[in-house]
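**Student:**
Protein chains in written order, with our numbering: chain D, 1 to 636; chain Z, 1 to 647.
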C-alpha cells in the first residue's frame with residue numbers, strides 16, 4: 001500500500017468518526033509514523049500534515065464541546081490551534097477550518113463570560129429588601145431557563161451548576177429572611193400551648209372525631225382557654241398536632257405577611273387540627289376596615305382551612321356572636337355549634353376522691369364543691385388537682401376568675417343543661433316550650449302522607465311506614481337494590497328530609513358515598529356528622545342490604561334529633577310527647593356527645609360504644625320503627 | 001491417606017467423644033473398648049499413649065456403668081449391681097501403679113450422683129408405699145412427692161431427666177390410686193366431679209346476663225328453669241365456658257349417697273386441681289327436680305344451702321318442672337342466715353335469631369337467596385322450631401339437608417314436656433316470645449298486673465290522696481309518694497336527725513313498695529343498710545343485687561338527707577326493674593318498649609364497671625336510664641308541688 005493510499009484510508013476512517021479523543025489520537029499516531037519516514041515524498045508529507053492538523057483541530061473542538069466549553073480547555077485549544085496556524089501559515093487548506101473553529105470557541109467563551117457577568121450582577125441585590133430578593137430569584141430562574149435553551153447548549157456546565165446552586169441559596173436565604181421578618185407575626189398569629197397541659201389528665205371528649213368530621217365547629221365556652229385545652233388534649237389523644245390561630249392577629253395582617261402565614265398553614269402536614277381564637281377582638285369596633293368585609297374574609301379563610309386541612313377546625317365563639325351572622329356563614333359550608341360543657345359534679349367529686357388518697361370521704365366536701373367549683377372547667381379541675389394540698393384555695397380562686405363570664409354565658413342559654421349538668425345547685429330550672437307541634441308533610445306523595453298523618457297509628461308506625469314507602473315505593477327491597485345510583489341517592493335524601501319533618505330539623509347535607517369508611521371501621525353504613533349538619537350514607541350498604549339502609553336512615557336521623565335536643569335550643573314539650581325525651585335525657589345526650597366512645601369492633605370497648613346512651617337510644621328507636629313495619633314487610 | 005495421619009492421642013480422644021455422644025450405649029462402648037485394646041497391644045505404641053488409652057478405657061467403663069444404672073433404674077430394676085461395678089472399677093484404678101487422678105475423681109463423683117438418685121427414688125417410693133391404701137395419706141403423699149421434686153430441682157437444677165420421669169410416673173400412679181380410692185368410698189362422685197362435658201360442636205348460644213353477674217351473685221344459688229335437662233346443662237356449660245370456669249354437673253343421687261364430709265373433701269380436691277390451672281368451678285345439680293319426697297327434698301336443699309356458703313364459686317340447680325320452687329327451699333332452710341337464691345328461666349331462642357341463623361346456614365350465599373329461603377320457610381320455622389331450645393337449634397343447624405327431619409323429630413318428641421312445663425311455670429317467667437306460632441303463652445297463667453288502686457297497709461289519707469290524684473303524672477306520683485313515705489309529713493331535718501336506723505329502714509321499705517308497684521315489680525326488693533363502703537368502690541352509695549331482689553344502701557349516705565335517700569333509692573329500684581325485666585315478660589311500664597328491654601339485657605351482659613373509664617360507666621344504657629328516671633321523677637315532683645297538699 002502506498003503512503004498516499006494509507007493517508008486516504010486514515011482520512012476516510014476519521015471522517016466517518018466523531019473525532020473522539022481515542023480515535024483522533026490513534027489517527028494522529030499513524031500519521032506521525034508516516035511522517036517519521038525520512039524518505040517520504042513532499043506531497044505525501046504535506047497531505048499527511050494537513051490531515052494531522054485537521055484531525056487535531058476537530059478533535060480539540062469536539063472535546064471542548066463535550067466538556068461543556070469550560071474556559072480552561074477552550075483556552076488550551078485556542079493556543080494549540082493558534083500554533084498550527086503559525087507553523088503552517090495561512091496557506092493551508094485547513095486554515096479555514098481551523099479559523100472557523102477558533103471563532104466558534106471564542107464565541108462560546110463570550111457567552112460564558114456574559115452569563116457570569118449577569119449572574120454576578122444578580123448576586124449584588126440588596127438582601128434587606130424583600131422585593132429585591134424576589135427579583136434576584138426570578139432573574140436567576142429566567143437566566144437559567146434562557147441559557148438552557150438549545151441555542152445556548154454550549155454553555156459551560158460548571159457555570160450552569162453554579163447558577164442552580166446560587167438559586168437554591170437565594171431561596172434558602174429568602175426563607176430565612178422572611179422567617180426573621182415575620183417572626184413577630186408568627187408569634188401573634190400562632191399561639192403555643194402551655195407545657196403543663198401535657199400532665200393534665202381530665203378533659204372533655206367534646207371534639208371527638210366521630211361527631212365533628214368534615215364540619216367547622218363553632219365552640220361556645222365561657223373561657224377560651226378551656227376550648228384550647230380540651231382541643232389540645234383531644235388532638236393529642238388522636239395523635240395529631242394542634243395549630244392555634246389568633247383570628248384578630250390574622251385578620252390584621254398586611255398582604256405580604258398574610259401570604260407568608262397562609263403558606264405556613266397550608267404547607268404544614270396533613271395531621272393537623274386547628275383552633276381559632278380571638279374572634280371577639282377581631283371584630284372590635286376599633287378596626288378601621290368595615291366589619292362586613294372582615295366577616296367575609298374570616299369566612300373565606302376558615303372555609304379554605306376546612307377544605308385544605310383534614311383535621312378538625314374549631315372556632316372559639318360566643319353565643320350570638322358576629323360569627324353567627326349570615327355573612328360569615330355564607331362563606332363557610334358547614335358550621336356546627338357546640339356548647340363546651342363544664343365537668344359534671346360527680347366527675348369533680350370522683351376526681352378529687354381518686355387523687356386525694358388521704359381524704360377518704362369527699363361527701364363532706366360536697367357543699368364546698370357545689371359552691372366553689374361550678375365554673376372551674378376542665379382546665380381548672382386539673383389545676384386544682386395539681387395543687388392538691390391547697391385544692392380549696394386553688395379551686396375557689398379559679399372559680400371566682402371565671403364566674404362572671406360563666407354566668408354571662410349561662411344566662412344567655414335557653415337551658416342550663418346545655419352547659420352544666422343538673423346535679424350542680426347552680427343549674428337552673430328547665431325552661432320548656434309548651435307549644436303543641438304541628439306536622440307538615442307538604443311536598444310528599446299522598447301515599448306517604450296517608451301514613452304520616454294517620455293519628456290512629458302509633459308514632460313508630462307513622463314514621464316507619466312513611467319512610468318505607470319513600471324508599472321502596474311500590475317495589476320490593478330487592479328492587480330497590482337494582483335501582484340506579486342516582487335514584488337510590490335521591491330516595492335516601494328524600495327519606496332523610498322526611499325524618500327532618502318529624503324531628504323539626506333543618507335539612508342536613510345528605511351525602512351518599514360509594515364506600516363509606518371511618519378511621520377505625522372500613523365499612524360504615526351511615527354517619528351523622530357535625531351534630532346533624534351532614535348525614536353520610538353508604539351506597540354499597542344500600543345495594544347489599546336495602547333493609548339495613550332503611551334502619552340506617554332512621555338511625556342517623558335520630559342522632560341528628562338527639563343533638564337538636566341539647567344544643568342551646570329551648571326544651572320542647574313535644575320531645576317528650578312524641579319521643580319520650582325528658583330534659584335529663586337531653587342532658588345525657590349532651591354529656592355523651594361530649595364524651596363519645598368511638599366504634600371498635602373488638603374487645604370491651606365495643607360495649608362502651610354500643611351501650612352508650614346516644615347509640616343505645618338510637619338503636620332502640622330504630623328497632624321500634626322496624627318492629628312497627630314488620631307486617632308490611634311480610635306482605636311485600 | 002488421611003486416616004493414617006491420625007495420631008494415637010487423636011484416635012483415643014475420638015473414641016471417648018463418640019461414646020459420650022451416644023450416651024454410652026453398650027455397642028458403641030464395646031467397639032471403643034476394642035479399638036483401645038488394639039492401641040494398648042500395639043508394640044510400637046509409646047508408653048504415654050498406652051497409659052492414655054488405659055485411662056480412657058476406665059472412663060468408658062465408668063460411663064457405661066453409670067448409664068446402665070440410670071437405664072435400669074428407669075426400668076425399675078435394682079441399681080445396686082451397677083454401683084458395685086463402679087466401686088470395683090475405682091478400686092482397680094487405685095490398685096494401678098500410677099492411678100489417674102482425674103479419672104478417679106470423675107468416677108467417684110458419678111458414683112455419688114448415682115447414689116443420690118437412688119436415694120431420691122427410694123424416698124419417693126417410700127412415701128407412696130407408706131401411704132398404702134389410705135386416701136388421705138395418698139393425697140398427702142402426692143403432695144410430698146411434688147415437694148421432693150421441687151426441692152431436688154432447686155439443688156440440682158440440671159439434674160438428669162430419668163429422675164423426673166420416674167417421679168412423674170409415681171405421681172400419676174398416686175393419682176390413679178387416689179381416684180380409685182374415692183370411687184370406692186363415694187361411688188360415682190369422683191367421676192361425676194371430673195366428668196368431661198363436651199358441647200364443642202354446638203356453637204350457637206346465648207349468654208344469659210343473670211348468669212354473668214359474678215360479683216353480686218357469689219355465694220348464691222341460682223335455679224335454672226327449662227323443660228329440658230340437657231338444655232340446662234348446655235346453657236350452664238356455655239356460661240361457664242364464657243367466663244373460663246369449669247362446669248361440674250352432679251347427679252342428685254350421687255350427691256345424696258356421699259357423706260357430707262366425703263363430698264366437701266372431693267370438692268376441695270377438685271378446687272385444688274382446678275387452682276393449678278387457674279380455674280374455678282360452677283356446680284350444677286341435676287335431678288333434684290325428680291325427687292318427690294318432701295323431707296328428702298328439704299334435706300337436700302339444706303345441704304345445698306350450706307354448701308353455697310362454703311363454696312366460693314356459683315351453684316346452679318336444674319329445674320325441669322317449673323313448679324318446684326327451689327328458691328324458697330334454699331332460702332328458708334338456713335334459719336337466721338338466709339342463703340341467697342333466685343331463679344332464671346332459660347328462655348327459648350328469639351325467632352329473629354333462629355330465622356337469621358337458619359337462613360345463613362341453609363339459605364344460600366347472598367341476602368337475596370336467604371330472603372327467598374325465609375319466605376318459603378318462615379311459617380314452618382315458626383311452628384316447628386318453637387320448643388327446641390338452644391341445644392335443639394344447634395342440633396338442627398349441624399344437620400345439613402336433613403334439618404327439617406331433625407327439627408320435626410325434636411319438636412314432636414319434646415312438645416308435651418314443653419307444654420306441661422310452660423303451664424306449670426310460675427306466670428312471670430319469660431319462656432317464649434309471642435312471635436312464635438305456639439299456643440303455650442295463651443294457656444299460661446296470666447302475668448301479674450299492677451293495680452294502682454290497691455291500698456298499702458301503711459297507707460294514710462295523704463298517701464291515698466297523692467296516689468289517687470288525677471292531676472299528677474305517674475312519675476310525679478312516685479316522687480310525691482316517696483317523699484311522703486320517707487318524711488311522713490315532716491321536714492328533712494326530722495328525717496336526718498330525729499329518727500333511728502330502724503325507723504328509716506321501715507320508711508325506705510314503704511317507699512320502695514310504692515315505687516315497686518309503679519315499676520310493675522311483683523315483689524318488693526329487700527332493703528339493707530351497709531355500714532362501711534359498698535363493694536370495691538368507695539364512692540358507691542347503692543347497689544342492686546341478686547338480680548333485683550336485694551338493694552343495698554350506704555347507711556352513712558342515707559342518714560344525711562331525705563333527698564339523698566330518695567335519689568339513690570329511685571335509682572336502685574329502677575335497676576331492680578331493669579334486672580327483672582330481663583327475664584320477666586314485657587310489661588311496658590312507663591312507655592318502655594320491648595327493644596329497650598332487649599338492650600338492657602345485652603347491656604347487663606357486658607356491663608361496664610365503675611372502676612374503669614368514668615364516662616363509659618356513667619353513659620351506658622342501664623345506668624343512664626336509671627339516672628334519667630330519677631331526674632324525671634324529681635323534676636315532675638317539683639313542677640307539680642302546688643298540686644299536692646301534704647297536710
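Think of the CB as a built atom: it goes at the ideal place given N, C-alpha and C, for glycine as much as any other residue.
Where does residue 594 of chain D fall in DSSP's three states?
**Tutor:** Coil, per DSSP.
**Student:** So, are the CB atoms of residue 491 of chain D and residue 470 of chain D less than 8 Å apart?
**Tutor:** In contact: residue 491 of chain D and residue 470 of chain D (Cβ atoms closer than 8 Å).
**Student:** What residue does the alpha helix (DSSP H) around residue 589 of chain Z start on, and which one ends it?
**Tutor:** No alpha helix (DSSP H) holds residue 589 of chain Z; DSSP gives it neither H nor E.
**Student:** For the beta strand (DSSP E) holding residue 393 of chain D, just list the boundary residues, first then last.
**Tutor:** Where residue 393 of chain D is concerned, there is no enclosing beta strand (DSSP E), although the alpha helix (DSSP H) it sits in stretches over 391 to 412.
**Student:** Measuring alpha carbon to alpha carbon, tell me which residue in Z:482, Z:539, Z:461 is nearest residue 364 of chain D.
**Tutor:** Z:539
**Student:** Comparing alpha-carbon positions, which option in D:504, D:245, D:349 lies nearest residue 301 of chain D?
**Tutor:** D:245
**Student:** Tell me where the alpha helix (DSSP H) around residue 9 of chain D begins and ends.
**Tutor:** 3 to 15
**Student:** Using a cut-off of 8 Å between C-beta atoms, extract the partners of residue 534 of chain Z located in chain D.
**Tutor:** In chain order: nothing, as chain D lies at least about 13 Å away.
**Student:** Can you give me the Cβ contacts of residue 159 of chain D inside the same chain, cut-off strictly under 7 Å, excluding the 5 residues immediately before and after it?
**Tutor:** Excluding sequence neighbours, residue 159 of chain D sits near 112, 115, 116.
**Student:** For the candidate residues D:429, D:303, D:208, whose alpha-carbon lies nearest to that of residue 597 of chain D?
**Tutor:** Among D:429, D:303, D:208, the Cα nearest to that of residue 597 of chain D is on D:208.
**Student:** Give me, in chain order, the residues of the same chain whose beta-carbon lies closer than 7 Å to that of residue 638 of chain Z; leave out the 5 immediate sequence neighbours on both sides.
**Tutor:** none
**Student:** Alpha carbon to alpha carbon, what distance is there between residue 12 of chain D and residue 6 of chain D?
**Tutor:** Roughly 10 Å between the two C-alpha positions.
**Student:** In angstroms with no decimal places, state the Cα-to-Cα distance between residue 348 of chain Z and residue 607 of chain Z.
**Tutor:** Spanning the two alpha carbons is a distance of roughly 23 Å.
**Student:** Kindly identify the DSSP beta-bridge partner or partners of residue 501 of chain D.
**Tutor:** Note: residue 501 of chain D sits in no beta bridge, so no partner.
**Student:** Determine the DSSP secondary structure at residue 251 of chain Z, reduced to helix, strand or coil.
**Tutor:** Under the three-state reduction of DSSP, residue 251 of chain Z is assigned to strand.
**Student:** Of all the residues that make up the region 390 to 420 of chain D, which are near chain Z by a beta-carbon distance shorter than 7 Å?
**Tutor:** none
**Student:** Could you give the C-beta distance for residue 48 of chain D and residue 60 of chain D, rounded to a whole number, given that I count them as a contact under 8 Å?
**Tutor:** About 19 Å separates the CB atoms of residue 48 of chain D and residue 60 of chain D; that is not less than 8 Å, and the two are not in contact.
**Student:** Which stretch, first to last residue, makes up the beta strand (DSSP E) that contains residue 526 of chain D?
**Tutor:** 526 to 529
**Student:** By Cβ distance below 7 Å, which residues in the same chain neighbour residue 590 of chain D in space, the five residues on each side in sequence not counted?
**Tutor:** 341, 417, 418, 566
**Student:** Under 7 Å, CB to CB, which of the residues in the region 605 to 622 of chain D have a partner in chain Z?
**Tutor:** 607, 608, 611, 612, 613, 616, 619, 620
**Student:** Using the Cβ count rule (16 or more neighbours within 10 Å means buried), how would you classify residue 547 of chain D?
**Tutor:** buried
**Student:** What is the DSSP secondary structure of residue 511 of chain D, counted as helix, strand or coil?
**Tutor:** Collapsing the DSSP output to three states places residue 511 of chain D in a strand.
**Student:** Closer than 8 Å, CB to CB, is residue 608 of chain Z near chain D or not?
**Tutor:** yes
**Student:** What do you get for residue 336 of chain Z, buried or exposed, if any count of 16 or more other CB atoms within 10 angstroms of its CB means buried?
**Tutor:** Confidence at residue 336 of chain Z is low in this model, with a pLDDT of 44, below 50, so its placement is unreliable and the value that follows should be read with caution. The residue in question, residue 336 of chain Z, is exposed, as its Cβ has fewer than 16 Cβ neighbours within 10 Å.
**Student:** What in chain Z is Cβ-close to residue 347 of chain D, meaning under 7 Å?
**Tutor:** 614
**Student:** Apart from the five residues on each side of it in sequence, which residues of its chain come closer than 7 Å, Cβ to Cβ, to residue 633 of chain Z?
**Tutor:** 475, 478, 479, 570
**Student:** Please work out which residues of its chain come closer than 8 Å, Cβ to Cβ, to residue 321 of chain Z, disregarding the five sequence neighbours upstream and downstream, and give them in chain order.
**Tutor:** 289, 421, 424
**Student:** Here's the rule I'm using: 16 or more other beta-carbon atoms within 10 Å means buried, otherwise exposed. How should residue 214 of chain Z be labelled?
**Tutor:** Its pLDDT being 48, under 50, residue 214 of chain Z is placed unreliably in this model, and the value from its coordinates should be taken loosely. Residue 214 of chain Z should be labelled exposed.
**Student:** Can you tell me the Cα-Cα spacing of residue 259 of chain D and residue 433 of chain D, whole angstroms?
**Tutor:** Spanning the two alpha carbons is a distance of roughly 49 Å.
**Student:** Check each residue of the region 581 to 593 of chain D: if its Cβ is closer than 9 Å to any Cβ of chain Z, include it; give the result in chain order.
**Tutor:** Those would be 582, 583, 584, 585, 587, 588, 591, 592, in chain order.
**Student:** If the cut-off is 9 Å on Cβ atoms, which residues from the region 325 to 352 of chain D count as contacting chain Z, listed in chain order?
**Tutor:** 344, 346, 347, 349, 350, 351
**Student:** Between residue 326 of chain Z and residue 319 of chain Z, is the Cβ-Cβ spacing less than 8 Å?
**Tutor:** yes
**Student:** Give me the chain D residues within the contact set of residue 591 of chain Z, using Cβ-Cβ distance strictly less than 9 Å, ordered along the chain.
**Tutor:** 580
**Student:** Is it a yes or a no for the region 311 to 321 of chain D touching the region 217 to 226 of chain D, going by three-plus beta-carbon pairs under 8 Å?
**Tutor:** They touch, by the three-pair rule.
**Student:** If we count the other Cβ atoms within 10 Å of its Cβ and call it buried at 16 or more, is residue 404 of chain D buried or exposed?
**Tutor:** exposed
**Student:** At 9 Å on the CB atoms, spell out the chain D contacts of residue 368 of chain Z, in chain order.
**Tutor:** 478, 481
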